[in-house]
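Only one structure is covered here, and it is reproduced in the block below.
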Amino acid sequence: MFIIERMKEVLKVEGLPVSPAELEDVLLSHSLITDAAVIGISNGISNGAAGEVPKAYIVRKDKTLKEIEVMEFVKERVAYYKQLTGGVEFVNEIPKNATGKILRRALREKNQDNANSAPILTVYHLNN
(Lines of atoms letter the chains of each structure in order from A and count residues from 1; the text may use other names and numbers.)
(Lines give C-alpha, C1' and ligand atoms only; values in the text may rest on other atoms or scores of the structure.)
Protein backbone atom coordinates (compact mmCIF):
# COMPACT_ATOMS: atom_id res chain seq x y z
CA MET A 1 0.00 0.00 0.00
CA PHE A 2 1.28 3.46 -0.93
CA ILE A 3 0.00 6.73 0.49
CA ILE A 4 0.90 9.60 -1.80
CA GLU A 5 -1.74 12.28 -1.21
CA ARG A 6 -0.19 13.75 1.96
CA MET A 7 3.36 13.95 0.64
CA LYS A 8 2.73 17.21 -1.22
CA GLU A 9 1.15 19.28 1.56
CA VAL A 10 4.06 21.75 1.41
CA LEU A 11 5.28 23.30 -1.83
CA LYS A 12 8.89 24.24 -2.50
CA VAL A 13 9.03 27.65 -4.15
CA GLU A 14 12.54 28.98 -4.80
CA GLY A 15 13.69 26.47 -2.19
CA LEU A 16 11.33 27.94 0.41
CA PRO A 17 8.36 26.11 1.96
CA VAL A 18 4.88 27.34 1.05
CA SER A 19 1.77 25.94 2.70
CA PRO A 20 -1.21 25.55 0.35
CA ALA A 21 -3.49 25.81 3.40
CA GLU A 22 -2.08 29.25 4.23
CA LEU A 23 -2.80 30.52 0.73
CA GLU A 24 -6.26 28.93 0.80
CA ASP A 25 -7.03 30.75 4.05
CA VAL A 26 -6.02 34.05 2.44
CA LEU A 27 -8.18 33.32 -0.60
CA LEU A 28 -11.17 32.32 1.51
CA SER A 29 -10.99 35.67 3.33
CA HIS A 30 -12.02 37.36 0.05
CA SER A 31 -15.73 38.18 0.07
CA LEU A 32 -16.28 36.92 -3.51
CA ILE A 33 -14.55 33.54 -3.08
CA THR A 34 -16.67 30.59 -1.95
CA ASP A 35 -14.02 27.86 -2.01
CA ALA A 36 -10.37 27.54 -2.97
CA ALA A 37 -7.56 25.03 -3.38
CA VAL A 38 -3.88 25.59 -4.11
CA ILE A 39 -1.46 23.17 -5.77
CA GLY A 40 2.14 23.42 -6.89
CA ILE A 41 2.86 23.27 -10.59
CA SER A 42 6.19 23.04 -12.36
CA ASN A 43 7.91 26.36 -12.83
CA GLY A 44 9.10 25.23 -16.26
CA ILE A 45 12.81 25.29 -15.42
CA SER A 46 14.28 22.11 -16.84
CA ASN A 47 16.78 21.51 -14.07
CA GLY A 48 14.04 21.92 -11.44
CA ALA A 49 16.25 24.14 -9.31
CA ALA A 50 13.47 26.48 -8.28
CA GLY A 51 10.83 23.75 -7.91
CA GLU A 52 7.20 24.78 -8.09
CA VAL A 53 4.93 27.79 -8.24
CA PRO A 54 1.51 28.05 -6.56
CA LYS A 55 -1.65 27.83 -8.67
CA ALA A 56 -5.12 28.47 -7.24
CA TYR A 57 -8.41 26.87 -8.19
CA ILE A 58 -11.28 29.08 -7.10
CA VAL A 59 -15.04 28.85 -6.83
CA ARG A 60 -16.31 32.41 -7.00
CA LYS A 61 -19.59 33.87 -5.75
CA ASP A 62 -19.72 36.42 -8.51
CA LYS A 63 -18.63 35.87 -12.12
CA THR A 64 -17.30 39.43 -12.24
CA LEU A 65 -14.30 38.46 -10.09
CA LYS A 66 -11.23 38.40 -12.35
CA GLU A 67 -7.90 36.59 -12.10
CA ILE A 68 -5.95 39.83 -11.74
CA GLU A 69 -8.11 40.90 -8.79
CA VAL A 70 -7.43 37.62 -7.01
CA MET A 71 -3.70 37.87 -7.68
CA GLU A 72 -3.57 41.45 -6.37
CA PHE A 73 -5.56 40.44 -3.28
CA VAL A 74 -3.06 37.69 -2.48
CA LYS A 75 -0.05 39.87 -3.36
CA GLU A 76 -1.05 42.40 -0.69
CA ARG A 77 -1.18 39.70 2.00
CA VAL A 78 1.72 37.28 1.51
CA ALA A 79 5.46 37.23 0.85
CA TYR A 80 6.73 37.58 -2.73
CA TYR A 81 7.55 33.88 -3.13
CA LYS A 82 4.01 32.88 -2.11
CA GLN A 83 2.39 34.80 -4.97
CA LEU A 84 0.07 32.87 -7.30
CA THR A 85 2.62 32.89 -10.11
CA GLY A 86 1.17 29.62 -11.40
CA GLY A 87 -2.08 31.45 -12.09
CA VAL A 88 -5.71 31.31 -11.06
CA GLU A 89 -8.32 29.04 -12.58
CA PHE A 90 -12.02 29.44 -11.86
CA VAL A 91 -13.96 26.20 -11.42
CA ASN A 92 -17.52 25.23 -10.50
CA GLU A 93 -16.37 23.11 -7.55
CA ILE A 94 -13.25 21.96 -5.74
CA PRO A 95 -12.91 18.15 -5.79
CA LYS A 96 -13.16 16.75 -2.27
CA ASN A 97 -13.53 13.35 -0.68
CA ALA A 98 -16.45 12.32 1.54
CA THR A 99 -14.86 13.94 4.59
CA GLY A 100 -14.28 17.26 2.83
CA LYS A 101 -10.54 16.91 2.22
CA ILE A 102 -9.34 18.57 -0.99
CA LEU A 103 -8.32 16.05 -3.64
CA ARG A 104 -5.16 17.79 -4.79
CA ARG A 105 -4.17 14.89 -7.01
CA ALA A 106 -7.34 15.44 -9.09
CA LEU A 107 -6.37 19.11 -9.47
CA ARG A 108 -2.81 18.20 -10.48
CA GLU A 109 -4.22 15.80 -13.08
CA LYS A 110 -6.60 18.51 -14.33
CA ASN A 111 -3.68 20.91 -14.62
CA GLN A 112 -1.61 18.34 -16.52
CA ASP A 113 -4.53 17.60 -18.87
CA ASN A 114 -4.94 21.33 -19.55
CA ALA A 115 -1.21 21.69 -20.22
CA ASN A 116 -1.25 18.76 -22.64
CA SER A 117 -4.26 20.07 -24.57
CA ALA A 118 -3.28 23.75 -24.64
CA PRO A 119 -2.94 25.13 -28.14
CA ILE A 120 0.51 26.13 -29.27
CA LEU A 121 0.81 29.86 -29.83
CA THR A 122 3.19 31.02 -32.50
CA VAL A 123 4.41 34.59 -32.25
CA TYR A 124 5.83 36.26 -35.32
CA HIS A 125 8.05 39.32 -35.06
CA LEU A 126 7.70 41.60 -38.04
CA ASN A 127 10.39 44.08 -38.92
CA ASN A 128 9.08 47.44 -40.11
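According to full-length UniProt numbering, the sequence shown is numbered sequentially starting from 1.
Idealized CB from N, CA, C, for every residue including glycine.
Computed from a prediction, not measured in an experiment: that's the story for all the values here.
Among the options, nearest to residue i - alpha-carbon criterion
| i | options | result |
| --- | --- | --- |
| glycine 40 | Val26, Ala56, Glu89 and Ile33 | Ala56 |
| isoleucine 33 | Gln112, Glu109 and Glu93 | Glu93 |
| phenylalanine 90 | Val78, Glu67 and Tyr80 | Glu67 |
| valine 18 | Leu84, Leu103, Met71 and Glu109 | Leu84 |
| glycine 87 | Ala106, Val59 and Pro54 | Pro54 |
| alanine 21 | Ile102, Arg108 and Leu107 | Ile102 |
| tyrosine 80 | Val10, Glu9 and Glu14 | Glu14 |
Status (buried if at least 16 other CB within 10 Å, exposed otherwise) for residue i
| i | result |
| --- | --- |
| glutamate 24 | buried |
| leucine 16 | exposed |
| asparagine 114 | exposed |
| asparagine 97 | exposed |
| valine 100 | Checking the sequence shown, residue 100 turns out to be glycine, not valine. Under this definition glycine 100 is an exposed residue. |
| residue 158 | Examination of residue 158 is not possible in this model, given that the chain is present from 1 through 128 alone. |
| residue 207 | For the chain, the structure presents residues 1 to 128; residue 207 sits outside this window and is missing. |
| arginine 104 | buried |
| lysine 82 | buried |
| valine 10 | exposed |
Cβ-based neighbour list, residue i, same chain, cut-off 8 Å, excluding 5 preceding and 5 following
| i | result |
| --- | --- |
| serine 31 | Lys61 |
| valine 78 | Glu22, Leu23 and Val26 |
Own chain partners of residue i with C-beta closer than 7 Å, once the 5 adjacent residues on each side are dropped
| i | result |
| --- | --- |
| leucine 28 | Ala36 |
| serine 42 | Glu52 |
| phenylalanine 73 | His30 |
| leucine 107 | Ala37, Ile39, Tyr57 and Pro95 |
| residue 130 | Past the boundaries of the shown model lies residue 130; the chain is included only from 1 to 128, so the question cannot be answered. |
Cut-off 6 Å between Cβ atoms - residues of its own chain near residue i, not counting five sequence neighbours on either side
| i | result |
| --- | --- |
| asparagine 111 | Ile41 |
| leucine 65 | Leu32 |
**Asked** Taking the runs of the alpha helix (DSSP H) that are 4 residues or longer, which of them lie wholly in the segment 61 to 94?
**Response** 67 to 75
**Request:** Note down, one range per segment and in chain order, each beta strand (DSSP E) of at least 3 residues found wholly within the segment 4 to 34.
**Result:** 11 to 13 and 16 to 18
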